[in-house]
Amino acid sequence: EEMPVDVLFVGAGPASLAGAIHLMNLIEKHNAAIEAGEKQGEAFDEPMICIVEKGSEVGSHQLSGAVVDPTALEELFGDWKSLNPPIEHYVDDEDVVYLSKDGHTKAPWLPPEMCNHGKPIFSLGRFTKWLAEIAEEKMVNIFPGFAGFEILYEGDTVNGVRTGDKGVDEKGEPKDVFEPGMDLTAPVTIIGEGPRGHLARHLIKRYNLDSDCQPMAYEVGCKEVLELPDGDKERGFAYHSLGYPLDLKTFGGSFLYSMGGDQVCIGLMTALDAKDPHLDTHHQLQLLKSHPYWAEKLKGGKVVKYGAKTVTIGGWASMPKLYAPGAMIIGDSASFMNPMRIKGVHLAMKSGMLAAETAFEAMVSGDNSEGALKSYKTRIDASWVRKEMEPAKNFHSSFNKGLLSGMIKVGYQYLFGSGPKTVAFGPDHTHMAKLADYYGGPAPEPQKLSFDNKYLVDKLTDVYNSGTVHEEKQPCHLRISDPTICTTKCVEEYGNPCTKFCPAQVYNMQKNEQTGELEMQIDFSNCVHCKTCDIRDPYQIITWVPPEGGNGPEFGYL
-13 EEMPVDVLFV
-3 GAGPASLAGA
7 IHLMNLIEKH
17 NAAIEAGEKQ
27 GEAFDEPMIC
37 IVEKGSEVGS
47 HQLSGAVVDP
57 TALEELFGDW
67 KSLNPPIEHY
77 VDDEDVVYLS
87 KDGHTKAPWL
97 PPEMCNHGKP
107 IFSLGRFTKW
117 LAEIAEEKMV
127 NIFPGFAGFE
137 ILYEGDTVNG
147 VRTGDKGVDE
157 KGEPKDVFEP
167 GMDLTAPVTI
177 IGEGPRGHLA
187 RHLIKRYNLD
197 SDCQPMAYEV
207 GCKEVLELPD
217 GDKERGFAYH
227 SLGYPLDLKT
237 FGGSFLYSMG
247 GDQVCIGLMT
257 ALDAKDPHLD
267 THHQLQLLKS
277 HPYWAEKLKG
287 GKVVKYGAKT
297 VTIGGWASMP
307 KLYAPGAMII
317 GDSASFMNPM
327 RIKGVHLAMK
337 SGMLAAETAF
347 EAMVSGDNSE
357 GALKSYKTRI
367 DASWVRKEME
377 PAKNFHSSFN
387 KGLLSGMIKV
397 GYQYLFGSGP
407 KTVAFGPDHT
417 HMAKLADYYG
427 GPAPEPQKLS
437 FDNKYLVDKL
447 TDVYNSGTVH
457 EEKQPCHLRI
467 SDPTICTTKC
477 VEEYGNPCTK
487 FCPAQVYNMQ
497 KNEQTGELEM
507 QIDFSNCVHC
517 KTCDIRDPYQ
527 IITWVPPEGG
537 NGPEFGYL
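Residue numbers (the working numbering): -13 to 544.
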């Protein structure tokens, strides 16, 4: 089945939703000006602006902190607070601390980049649902439960997206409930799938869009929502920490934010270029909650929600060419994130809005060529996006020698600027050290924890807390190109790091009862769609592809 639309957005995150709303605003103004005789041209009668989303509903796959810079909200809506946004709190108390194993030291001064006083705290799931409601009021068509699986082309120009088939069994054969994917054709396709986007990576590869930038760089974040027995409902806080439980070779940090009612959220982020082959971010999060500093704040808390997701941290240095014939890339798919501020929602929204302005021009002119869509990058360069992001272009590479030297380099950049040169760095997976090099022998056993599965929670229980559901009888969406590596080289050299770094216990080495040989078992139904495996696998033999639309986590209010 083919469905022609005027502009197609892929992924219902902040970037696409803000872009679609802004595009409809531009169309409304255009039509009103023509009707009033203030402008020549043709009005757009019932324009088809569409968003496809792989989650079962908008917000299902959204996860972030999130303390949001409201700049883009103000530009998009003006008095955005009058639209009843789902604000959890405004920040009125904040700290940054360095954690040793048993103690902590407060930062004597917060640089402006880390100051959040007065900023709103949002659940990104609730935030995107709110944006979606506004978009639908403006007649944007949103189709949740449809995964963009393949880019469509007409010659060398992007012509839309084919969604994935539904109702296919393990062997790829149609079941009784089979529904073929749909071809959504569009003169302009705007890809905003989030980090390591399935379609974005194909677009980047086909048009060589990453030839003049550094590789994409990522962190993975594990986040839990806890209910506290005596939650402070009136107080908004944002606390951040560095140090324990991470060693000085591993870049990352944690956060604790207040939410509505008696809930708080805690999260730990670790860089996916970490050298430690057995770094387990979920386990580290449980260690973090055991630290006296956090344990006191979370006393009596019970975990009620969990999720994990990657985030781009290469920033301006990793930003690819943003346009191709018939297509543009927005949001995390294009590295719109400021790692120095740990903020990206406002940048994602602004990228979507500027892409929308370019798409509107294409609608008016009928020109969707690469030359026409180049004005998207021109708009980015002329906006506050570049002014904010470019000075932080070397933030990520500053920590390639560890935390302490990184802090010194970042301090120097803060005082004197990052300079004209972009410091090069390799893909995340190339930084992982082999067991013998990192540990000097076999990896030590991880620190023991007593899981009560209320406060300290094991991985499988947290997978349950994520609401993750997949149709079991479908092709595995985690594809290993050479499984023999898992049972040979990877065992010896790295100790099967996927069994550690996966925050949902998807990968398990099991002994075959018949042969007695080890084999890799993939429990894809656990997958929370973070894509850590696709990014961090040292042999790059794991590829994440979208499962059946509507499958995956239900992050809800994360």
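Here a beta-carbon is modelled for each residue, glycine too, at the ideal position from N, C-alpha and C.
Looking at residue 454 and residue 539, is the spacing between their C-beta atoms short of 8 Å?
Cβ distance < 8 Å, so residue 539 and residue 454 count as in contact.
Quick check: residue 205 and residue 255, are their CB atoms within less than 8 Å of each other?
Yes, they are a contact pair.
Does DSSP put residue 236 in a helix, in a strand, or in coil?
Coil, per DSSP.
Can you tell me where the alpha helix (DSSP H) holding residue 348 begins and where it ends?
331 to 351 is the extent of the alpha helix (DSSP H) around residue 348.
Have a look at the DSSP bridge pairing and note the partners of residue 465.
DSSP, once it has assigned bridges, lists 529 as partnering residue 465.
Give every residue of the same chain whose Cβ lies closer than 6 Å to the Cβ of residue 342, excluding the five residues on either side of it in the sequence, and list them in chain order.
5, 8, 9, listed in sequence order.
Give the secondary structure of residue 90 by DSSP, where H, G and I count as helix, E and B as strand, and everything else as coil.
DSSP places residue 90 in strand when its eight states are reduced to three.
Report yes or no: do three or more beta-carbon pairs, one from the segment 289 to 309 and one from the segment 209 to 217, lie closer than 8 Å?
Yes, the segment 289 to 309 touches the segment 209 to 217.
Just how far apart, CA to CA, sit residue 435 and residue 279?
Using only the alpha carbons, I get a separation of about 17 Å.
Hey, would you say residue 174 sits closer than 8 Å to residue 115, going by beta carbons?
No, Cβ-Cβ distance for residue 174 and residue 115 is not below 8 Å.
In chain order, which beta strand (DSSP E) runs of at least 3 residues are fully inside the segment 444 to 529?
Listed in chain order, they are 464 to 466, 493 to 497, 504 to 508.
Reducing DSSP to helix, strand and coil, say where residue 249 ends up.
In the structure shown, residue 249 sits in a strand (DSSP, three-state: E or B).
Tell me which residues share the same chain as residue 139 and place their Cβ nearer than 7 Å to its Cβ, disregarding the 5 neighbours each side in the sequence.
Around residue 139: 145.
Helix, strand or coil: which one does DSSP assign to residue 230?
Of the three classes helix, strand and coil, the one that applies to residue 230 here is coil, per DSSP.
Go ahead and label residue 18 buried or exposed: buried means 16 or more other beta carbons lie within 10 angstroms of its beta carbon, across all protein chains shown.
Under this definition residue 18 is an exposed residue.
For the beta strand (DSSP E) that residue 149 lies in, which residues bound it at each end?
Run containing residue 149: 143 to 149, per the beta strand (DSSP E) assignment.
With DSSP collapsed to three states, give me the class of residue 421.
The answer is helix: DSSP assigns residue 421 an H, G or I state.
Between the segment 499 to 513 and the segment 459 to 471, do at least 3 Cβ pairs fall closer than 8 Å?
Verdict: yes, contact present.
Between the segment 113 to 131 and the segment -5 to 3, can you find at least three pairs of beta-carbon atoms closer than 8 Å?
Touching, per the Cβ criterion.
Is the beta carbon of residue 457 closer than 8 Å to that of residue 534?
For residue 534 and residue 457, yes; Cβs fall inside 8 Å.
Return yes when the Cβ of residue 301 is within less than 8 Å of the Cβ of residue 402, no when it is not.
Taking 8 Å as the Cβ cut-off, residue 402 and residue 301 do not qualify as a contacting pair.
Let's test the definition: count the other Cβ atoms within 10 Å of the Cβ of residue 489 and tell me whether it reaches 16, buried, or not, exposed.
It counts as buried.
Where does residue 113 sit, in a helix, a strand or coil, going by DSSP?
In the structure shown, residue 113 sits in a helix (DSSP, three-state: H, G or I).
Rounded to the nearest angstrom, what separates residue 385 and residue 409 at their Cα positions?
Going from the Cα of residue 385 to the Cα of residue 409 covers about 11 Å.
Classify residue 60: buried if its beta carbon has 16 or more other beta carbons within 10 angstroms, exposed otherwise.
Result: exposed.
For the beta strand (DSSP E) containing residue 11, list its first residue and its last residue.
Unbroken run through residue 11 is the alpha helix (DSSP H), 0 to 21; no beta strand (DSSP E).
Would you call residue 190 buried or exposed, if buried means 16 or more other Cβ atoms sit within 10 Å of its Cβ?
Flag for residue 190 reads buried.
Using CA atoms only, rank isn't needed, just tell me which of 267, 258, 298 is closest to residue 179.
Here the closest residue by C-alpha is 298.
Residues in the same chain with beta-carbon distance under 6 Å from residue 71, minus the five sequence neighbours each way, listed in chain order, please.
Answer for residue 71: 116, listed in chain order.
Inspect the beta-carbon positions of residue 517 and residue 182 and report whether they are closer than 8 Å.
In contact: residue 517 and residue 182 (Cβ atoms closer than 8 Å).
Could you give the C-beta distance for residue 243 and residue 107, rounded to a whole number, given that I count them as a contact under 8 Å?
About 5 Å; that satisfies the 8 Å criterion.
Spatial neighbours of residue 413 within its chain, please: C-beta separation below 6 Å, excluding the five flanking residues on both sides.
These residues qualify, in order along the chain: 201.
State the Cα-Cα distance for the pair residue 162 and residue 135, rounded to the nearest angstrom.
C-alpha separation (whole angstroms): 21 Å.
What residue does the beta strand (DSSP E) around residue 289 start on, and which one ends it?
Start and end: 288 to 298.
Just to confirm, is the Cβ distance from residue 176 to residue 335 under 8 Å?
No.
Hey, could you find the ends of the beta strand (DSSP E) residue 171 is sitting in?
169 to 171 is the extent of the beta strand (DSSP E) around residue 171.
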